Amino acid sequence: MSTSRERVLARVRAALTDVPADEPVVRPVERPYADSHGMGAALEVLEDRLRDYKALVRRVPADRLAEEVAAALERRGASTVAVPDGIDADWFSRTEAVRRPDSRDRPLELRELDSVDGVVTACAVAIAETGTIVLDGGPDQGRRAITLVPDYHLCVVRADQVVDGVPQGVRRLDPARPLTWISGPSATSDIELNRVEGVHGPRTLEVLLVE
Amino acid sequence: MSATFLGIPPFPEAARAAVNDSRLRHNLRKATHTIRDKRGAVVTELEDDWERLRSEGAAIKSHTLRHLDHYLEQLEASVERAGGHVHWAADAEEANEIVTRLVRATGETDVVKVKSMATQEIELNNALAEAGITAYETDLAELIVQLGDDLPSHILVPAIHLGRAQIRETFLAQMAEWGVPAPEGLTDDPRALAEAARVHLRERFLRTRTAISGANFAVADSGTLVVLESEGNGRMCLTLPETLISVVGIEKIVPTWADLEVFLQTLPRSSTGERMNPYTSTWTGVTPGDGPQEFHLVLLDNGRTDVLADTVGRQALRCIRCSACLNTCPVYERTGGHAYGSVYPGPIGAILTPQLRGMSSEVDEALPYASSLCGACYEVCPVAIDIPEVLVHLREEVAAGSGHLGEKAVMKGAEAVLGSSHALEAAQRAAGAARNLVPRHLPGMAGAWTDTRDLPDVPAESFRQWWNKHEKGQS
Ligand code: SF4
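These protein sequence lines map, in sequence, to chains Y and B. Residues in the first sequence are numbered from 28 upward in steps of one, following the numbering used here. Residues in the second sequence are numbered from 517 upward in steps of one, following the numbering used here.
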């Protein structure tokens with residue numbers, strides 16, 4: 028393989044003879060663009076964008092989170108849910124739904140993930156302007172597969188995890204972790220370029236915004 | 517063996533046939549106008565910041581290209597440090613050999629694929645088929661193209677030339693041959709069609725142990741690969757299999773993680789006209805216990821270094837494949853993608869294909885003429901590629917070269933697309949007036965071509981206004 032490597036690199040160098048040898052390789056990051064675009068209060072904007080994507084959204088006070096988790100699972104008719112094993116057990120103190128814990132060491136079988144009624148996770152960051160929730164595989168978010176295979180994803184977002192703009196979100200995230208950016212339920216624009224919700228990922232995304 | 521672009525006639529001929537296909541024109545017009553309006557709304561929403569993001573995006577990409585050797589080596593080191601393997605492919609054949617060998621090593625004969633322009637460009641599916649490996653496309657539009665043994669006609673939505681009724685027919689006729697059949701009584705409601713695709717591919721995702729992808733970006737400092745998508749088929753392929761092979765053009769590199777602050781804003785808004793696409797996945801090498809435990813990155817040259825060597829043409833490598841230039845192009849809207857004879861259609865295809873393939877055929881030489889030079893592509897491009905400038909530059913090359921094609925013949929093709937020579941001339945004059953980037957007099961043979969069409973009276977309205985009016989008058 029090293030011969031192709033050397034060949035490609037040699038061709039690249041030969042193509043760049045116009046570039047002065049002393050031109051700096053590192054480009055200073057000056058960020059001449061905005062961090063965010065002043066579209067309103069973060070939680071309001073996030074809620075608006077999520078609804079625009081046809082996600083279900085509820086604003087909930089912190090002390091009522093367990094009730095709201097229970098109510099959401101009941102509305103959905105979810106009696107068995109996958110959960111990352113580092114999720115806060117208090118969130119489930121009011122629900123009778125059975126939890127199937129998943130972790131990197133003890134992963135659920137794919138078939139089992141395909142048969143649960145949904146998955147409940149926290150998130151790492153949420154971006155208001157674009158209605159985006161980012162999962163980073165942390166202990167309360169779990170392996171990527173658990174939020175992908177079940178058809179219903181209930182995600183708990185804390186107010187302090189919400190930023191206004193994409194640049195602020197990128198800065199909070201660690202690229203070494205596997206990231207999944209979720210902006211609404213799965214969708215396609217492949218038929219006559221119109222957005223239709225619901226293809227391979229969870230067809231229902233429900234978000235509890237905790238204040 | 518799936519369809520290939522080999523044997524497609526040069527642009528003027530192919531375009532004439534397409535323009536006469538009224539169903540195709542209807543599908544294209546409807547789709548491109550829908551997306552233009554959506555894009556316009558989410559770009560305007562960012563006000564002045566859009567221009568700043570656009571020039572920053574162009575600057576990042578230009579800088580990367582000027583130091584590409586450095587960033588390639590940095591990317592290689594970062595990916596390997598994170599547990600991935602890096603392979604280098606000088607051309608399509610080599611890339612196909614590498615991928616075939618890697619798939620064989622897994623012992624699998626089925627692979628799932630995420631939509632990727634690079635693997636279409638090298639016709640990987642055909643190479644795998646020759647080795648007895650079946651590649652299943654999982655993106656809805658790619659699936660439609662694969663099932664229909666058709667060719668892609670758009671970068672983002674390869675089946676844009678098909679309406680819902682045609683998609684339904686393809687599903688009913690072909691799904692059973694490839695796997696789970698289409699449900700009886702399938703309607704042409706887009707929801708029903710999406711559901712049919714979900715059911716068709718579900719088992720395949722849960723069972724297949726090797727996946728092939730491309731990437732929208734490869735971050736040199738962190739070794740992170742990035743895939744933007746909508747349906748979740750990308751996540752399925754990037755997460756569930758044991759082995760992941762990503763074929764990525766060497767121009768996809770950005771230097772730092774922070775650079776994504778720009779492109780994760782400009783790409784979704786410019787491509788599907790959304791504030792953000794439903795799913796973006798990023799991964800860095802291998803994460804123990806989460807996702808594929810074996811990751812291979814195949815870095816693909818295949819003509820890119822030739823493009824890099826041309827100081828005018830080089831800017832084409834900034835392209836982030838958003839497809840906005842296709843959606844806004846009056847020529848593309850009339851001809852569709854197949855007429856361009858390559859996986860890269862539209863304005864970007866007209867400058868990228870002949871450069872990648874080295875202007876080696878009549879098809880390639882006709883491509884720089886597949887444009888009215890109106891400049892709409894440049895205006896919408898999120899990395900500010902001056903496509904008209906490169907077109908004019910390539911026309912000069914054609915005119916100066918040995919020449920497979922007469923310029924007159926090429927111009928006849930352009931007339932066929934735009935309706936009349938009068939329309940074309942007016943378009944070009946208006947374009948020159950609207951943006952001073954297209955010089956009124958050009959040196960050499962290209963100069964002779966522009967001179968005869970250079971008239972003193974310049975319309976006051978912009979080309980876009982003129983075009984819109986002209987179109988209304990016709991319909
Ligand atoms: S050339 Fe510009 S507008 Fe066209 S696809 Fe590439 S990035 Fe998008």
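All C-beta atoms in this analysis are idealised placements derived from N, C-alpha and C, irrespective of residue type, glycine included. Bear in mind that the values here come from a model prediction, so they are computed numbers and not experimental data.
{"query": "Buried versus exposed call for Thr782(B) [16 or more other C-beta atoms within 10 Å across all chains shown]", "result": "buried"}
{"query": "Three-state class that DSSP yields for Thr654(B) in the structure shown", "result": "coil"}
{"query": "Arg582(B) versus Thr772(B): straight-line alpha-carbon distance, rounded", "result": "15 angstroms"}
{"query": "Lys554(B) to Ser787(B) span [Cα, whole Å]", "result": "10 angstroms"}
{"query": "Under the three-state DSSP convention, the category Gly739(B) falls into", "result": "coil"}
{"query": "Any alpha helix (DSSP H) of 4 or more consecutive residues that is wholly inside the region 841-922 of chain B", "result": "846-851, 862-873, 878-882, 892-896 and 903-916"}
{"query": "Segment contact flag, the region 557-566 of chain B with the region 38-49 of chain Y, C-beta cutoff 8 angstroms, min 3 pairs", "result": "no"}
{"query": "Runs of beta strand (DSSP E) wholly within the region 548-631 of chain B (minimum 3 residues, chain order)", "result": "601-605 and 626-629"}
{"query": "Beta-carbon gap between Ile728(B) and Ala651(B) smaller than 8 angstroms", "result": "yes"}
{"query": "The alpha helix (DSSP H) enclosing Cys787(B), as first and last residue numbers", "result": "Here the sequence assigns Ser to residue 787(B), which means Cys is not the residue at that position. Leu776 to Ser787 is the span of the alpha helix (DSSP H), which, as asked, contains Ser787(B)."}
{"query": "Three or more C-beta pairs below 8 angstroms linking the region 801-821 of chain B and the region 599-606 of chain B", "result": "yes"}
{"query": "Any chain Y beta carbon closer than 8 angstroms to Arg555(B)", "result": "no"}
{"query": "Length of the line joining the Cα atoms of Arg837(B) and Ile671(B)", "result": "7 angstroms"}
{"query": "Residue-chain proximity (Leu235(Y), chain B), Cβ-Cβ < 8 angstroms", "result": "no"}
{"query": "Simplified DSSP state of Val828(B), which is helix, strand or coil", "result": "coil"}
{"query": "Three-state secondary structure (DSSP) of Glu529(B)", "result": "helix"}
{"query": "Beta-carbon gap between Ala105(Y) and Asp144(Y) smaller than 8 angstroms", "result": "yes"}
{"query": "Leu235(Y) - containing beta strand (DSSP E), residue span", "result": "Thr231 to Val237"}
{"query": "Where the alpha helix (DSSP H) containing His716(B) begins and where it ends", "result": "Pro706 to Arg723"}
{"query": "Short Cβ contact (8 angstroms threshold) for Val240(Y) with Val147(Y)", "result": "Any question about residue 240(Y) goes unanswered here, given that chain Y covers just 28 to 238."}
{"query": "Contact list for the region 741-752 of chain B against chain Y, Cβ threshold 8 angstroms", "result": "Ser746, Glu747, Gly748, Asn749, Arg751 and Met752"}
{"query": "According to DSSP, residues forming a beta bridge with Ile160(Y)", "result": "Ala153(Y) and Ile209(Y)"}
{"query": "Test: Val46(Y) CB closer than 8 angstroms to a CB of chain B", "result": "yes"}
{"query": "DSSP-derived helix/strand/coil call for Arg103(Y)", "result": "helix"}
{"query": "is_contact[Val190(Y), chain B] using C-beta, thresh 8 angstroms", "result": "no"}
{"query": "Cβ of Ser142(Y) within 8 angstroms of any chain B Cβ", "result": "no"}
{"query": "Beta-carbon contacts of Asp112(Y) that lie in its chain and below 8 angstroms, excluding the five residues immediately before and after", "result": "Pro128, Asp129, Ser130, Arg133, Pro166 and Gly169"}
{"query": "Boundaries of the alpha helix (DSSP H) in which Glu747(B) is found, first to last residue", "result": "No alpha helix (DSSP H) contains Glu747(B), which DSSP labels as neither H nor E."}
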